[in-house]
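Okay, so the sequence shown: first residue is 190 according to my numbering, each after it adds one.
A quick write-up on the structure given underneath.
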Amino acid sequence: MKTMNKLIIVVVILILGIGGYFLLKPERLVQETNTFEERAKAGYPVLMTNQNSPFATNDFGIPSKVAKVVGITTAEQMTREIESQKIPYFKELGIKWARLHPNIFGTFGWSGVDPDHDGRNLDFTKQDALVKLAQENNISLIAAISPLPTDTEWLTAETYIPESKEAYFSYIEQLVERYDGDGKDDMPGLKYPIKYWQLENEPDLHNKVRASRGNANFSSPDEYFEVLKLTYQAVKKADKEAKVIINLVGIGQGIGNTSINYLQRLNELGVESYYDIFSYHVYPQSYDTFVLRDNLLKFKQLIGSKPIWITESGINGKLGETEEKQAAWIIKHYVFHIANGVKKIVWLTLTDMSPNVPEGTVAKYSGLLTFRLAPKLSYYTYKKMVEVLEGSDWDNIQIIQEKDGIYIYKFVKKDTGKSVWVVWNDNQGTRKVRITLDRDTKNVKIVEAVPKYKTGKDVTDYDTAFREIKANVLESYPSQLEFEIGNIPVFVEEK
Ligand SMILES: [Ca+2]
Ligand SMILES: [Ca+2]
C-alpha cells in the first residue's frame, strides 16, 4: 500500500470513525491481494479447498427443457428440485465441482440475466440462487457464458455475433464482477467465487448444423473468435484471475474432424491469446482406452501448453451393453485422462435421459442412475473412484505402463504419502500383470473397481460389494506383486 493511500485511509477513519475503515477496506485490499491465499487471510471469499479435485458433473442445474416439462418457473422451485433430486447424489459421490451448461434454467448466458440484451439492469435472481445452493453444499461452479444461451436460439438466430458489442461486453463484465469474490459488487453472501468461464457449448457443432441448413457462417471459427475476443477482454477486465475456457464438441460420434478443422482455423486467427483452458467432450463409441489416447493426442498437438479440461463426457451403455462395461469405462476415462494431464473431467449426467429421448442418442444411457433414480453399477464405481483417489497429488502421477492393452498408473495420496495403483486390461481374456511396490510397502489390498454384481439393483451393501483379489508377492526387493486381471479395472492400495 502506498504511504499516501495509507495516510488517506487513516485520516478518513479518524474523521468517520470505525465505519470509515469498513467503507474503505474492500476496495483497497482488492487492489493489493492477488492470490486466493492472500484474500483468505484478508477475510474475502475463497473456494480453494475444492480447487484441485478433478471430479465434476454437468448435472447441477436443470436443463431448460426439463424445467418446462416439470413446470419450474421460479428460483425457489428450481432450488427445491436441485436439493431433492441432485444434492444427495453429489454428496454421496463426493463430487465437488459442477459445470453449468448454458441451456439450464437460470442460465448464465446473456438471455438469462439480460433478456432485452441492452447490457443494463441485469437480473441475477436465479443465478444467485444457484450459486448460494452450490456453496451451501460445498460445490464449486464452472459457468458457461453465451451470446445465445437457449436451446433453440442457436438453431434459428440470424446472427451469432452480438448486435451491440458494448451491451454484450457490459453483460459479461457485470456477470463476472458479481461472482469473482473480490469484495467489489459481489453477490451478497458470496463464499465460493466463480473463477472459470466457458464460452459457449460446442460452437463447432452448432456451425456444422447451421451450415447444413444453409448458413455456413453462423458460429463459424471466425465468428466464435470474434465473440471470444470480446468475452476474454470483458472477463479479464472484471477479474484478472478468472480463466476463460474454450470448448469444442470432440472427436468421433459421427462428426469426424469437425473440431480439428475448427481449431486449426482458430489457431490461424490467433486464438491462443484469448483463452486459458481448452476443453472438449468425450462420448466414444468404443470402450477401449486407445480411442481416448488418440483423441487427446490430436488436440494436444494443436493447443501448445494450454491446460485441458473435459467439460462433458459419458458413454452410452447402448442397449444390450452391460452396466459393468459402462462402470469399467469410467475408471479408464478418468484415470487415463488425469494421468495424461487433464485437470478436470465433467461427467455429463447423474441420471439416464427420459425414455422419450430417441434410442441411439449419444448419451441416453450415460447416467450413473437410471431415469427412475436407481443406482447403476457405475454409481458405485464413481463413488469408489472418488473415495480412493481424491486427495492424490495430481501433479505427481506416474504412468507405469500404457502398452499391450495393459494400463498401470501410480497415484500418491497427499495426506498419508501412501500409494495407489490403478490397473486395467483392454485385451480379450485375462492377463497376468506385475507391479513393483515401493521399498517400504508392507501390505496392499487389491480391489475391483466395479461391484461384483450384474446390475446396481443387486448391490445391497456398498462396503462388501467389491471383490478383493489375491496376489502373489514375488521374492524380490522391492517386492513385486503378480496377479491376474480380466476386464474389470482394479485399485491396488497400500495399507
Ligand atoms: Ca437489460
Ligand atoms: Ca466483484
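From the three backbone atoms N, C-alpha and C, an ideal C-beta is built for every residue, glycine too.
Under 7 Å between the Cβ atoms of residue i and residue j?
i	j	result
Gly691	Ile293	Here the chain covers residues 190 to 684 and nothing more, so residue 691 does not appear.
Ile595	Val577	no
Ile597	Ile586	no
Tyr463	Lys532	no
Trp518	Tyr554	no
Thr420	Ile334	yes
Ile162	Ile434	The shown model of the chain, from 190 to 684, leaves out residue 162, and the question about it has no answer.
Phe276	Asn326	Residue identity check: residue 276 is Ile in the sequence provided, not Phe. The answer is yes: Cβ separation under 7 Å.
Asp329	Trp286	It should be noted that the sequence gives Ser, not Asp, for residue 329. Yes.
Tyr469	Gly503	no
Glu501	Val535	yes
Leu379	Gly372	no
Pro667	Thr625	yes
Tyr642	Val648	yes
Tyr451	Pro410	yes
Ile527	Pro243	yes
Val524	Val611	yes
Leu311	Asp305	no
Gln442	Val551	yes
Arg620	Ile674	yes
Asp541	Phe560	yes
Can you say whether residue i is buried or exposed, counting buried as having 16 or more other CB atoms within 10 angstroms of its CB?
i	result
Asn223	At Asn223 the pLDDT is 49, less than 50, meaning the model places this residue with poor confidence; the figure from the coordinates comes in the next sentence. Flag for Asn223 reads exposed.
Leu344	exposed
Gln515	buried
Leu670	buried
Gln220	Low local confidence applies: a pLDDT of 40 at Gln220 is under 50, so the model's placement there is unreliable, with the coordinate-based value given in what follows. So Gln220 ends up on the exposed side.
Glu216	Below a pLDDT of 50, predicted positions are generally treated as unreliable, and Glu216, at 41, falls in that range; the measurement from the model is reported next regardless. Glu216 is exposed by the Cβ-count criterion.
Leu562	exposed
Lys280	exposed
Arg402	exposed
Asp593	exposed
Leu663	exposed
Ser253	buried
Glu513	buried
Glu683	buried
Glu181	Any property of residue 181 remains undetermined from this structure, which presents the chain solely from 190 to 684.
Asn269	Note that residue 269 is Arg in the sequence shown, not Asn. Exposed: under 16 other Cβ atoms inside 10 Å.
Phe313	buried
Gly445	exposed
Asp582	exposed
Lys257	exposed
Val199	In this prediction, Val199 scores a pLDDT of 48, lower than 50, which makes its location untrustworthy; no coordinate-derived value is stated.
Asp248	buried
Lys521	buried
Within 6 Å: the Cβ of residue i and any heavy atom of ligand 4?
i	result
Glu366	Ligand 4 is not part of this structure, which contains only ligand 1 and ligand 2.
Hey, would you say the C-beta of residue i is under 6 Å away from at least one heavy atom of ligand 2?
i	result
Asp375	yes
Asp317	no
Asp307	no
Asp312	no
Asp369	yes
Check the C-beta distance from residue i over to residue j and give it rounded, since I have them as a contact under 8 Å.
i	j	result
Lys397	Thr447	5 Å
Glu362	Ala431	That belief does not hold up - the Cβ atoms of Glu362 and Ala431 are roughly 11 Å apart, past 8 Å.
Ile261	Leu322	Not confirmed; about 14 Å, so no contact.
Met376	Val424	Not really, about 17 Å apart at Cβ, beyond 8 Å.
Gly308	Tyr349	At roughly 18 Å, the Cβ-Cβ gap does not stay under 8 Å, so Gly308 and Tyr349 are not in contact.
Thr570	Gly556	In fact, because the Cβ distance is near 13 Å, the residues do not count as touching under 8 Å.
Gln324	Gly301	Their Cβ separation, rounded to whole angstroms, is 19 Å, which puts Gln324 and Gly301 out of contact at 8 Å.
Leu491	Asn529	Not confirmed; about 16 Å, so no contact.
Pro392	Tyr360	Between Tyr360 and Pro392 the Cβ distance is about 18 Å, and since that is not below 8 Å, they are no contact.
Gly295	Ala332	Not confirmed; about 11 Å, so no contact.
Cβ of residue i versus every heavy atom of ligand 1: is any distance shorter than 6 Å?
i	result
Arg399	no
Asp303	yes
Identify which residue in the options has its Cα closest to the Cα of residue i.
i	options	result
Lys565	Gln266, Tyr278 and Met267	Tyr278
Asn614	Glu637, Ile527 and Val633	Glu637
Phe672	Thr653, Asp647, Ile635 and Phe655	Ile635
Ile440	Leu394, Arg628 and Ala400	Leu394
Glu347	His290, Ser408, Ile331 and Gln274	Ser408
Tyr568	Val255, Glu412 and Phe655	Phe655
Val681	Tyr381, Lys607 and Ile331	Lys607
Val416	Glu389, Glu366 and Gln442	Glu389
Thr341	Gln387, Tyr385, Leu311 and Pro291	Pro291
Asp652	Gly675, Thr478 and Lys573	Lys573
Trp386	Asn406, Arg399 and Asn436	Asn436
Asp483	Gly549, Pro640, Ile449 and Tyr381	Ile449
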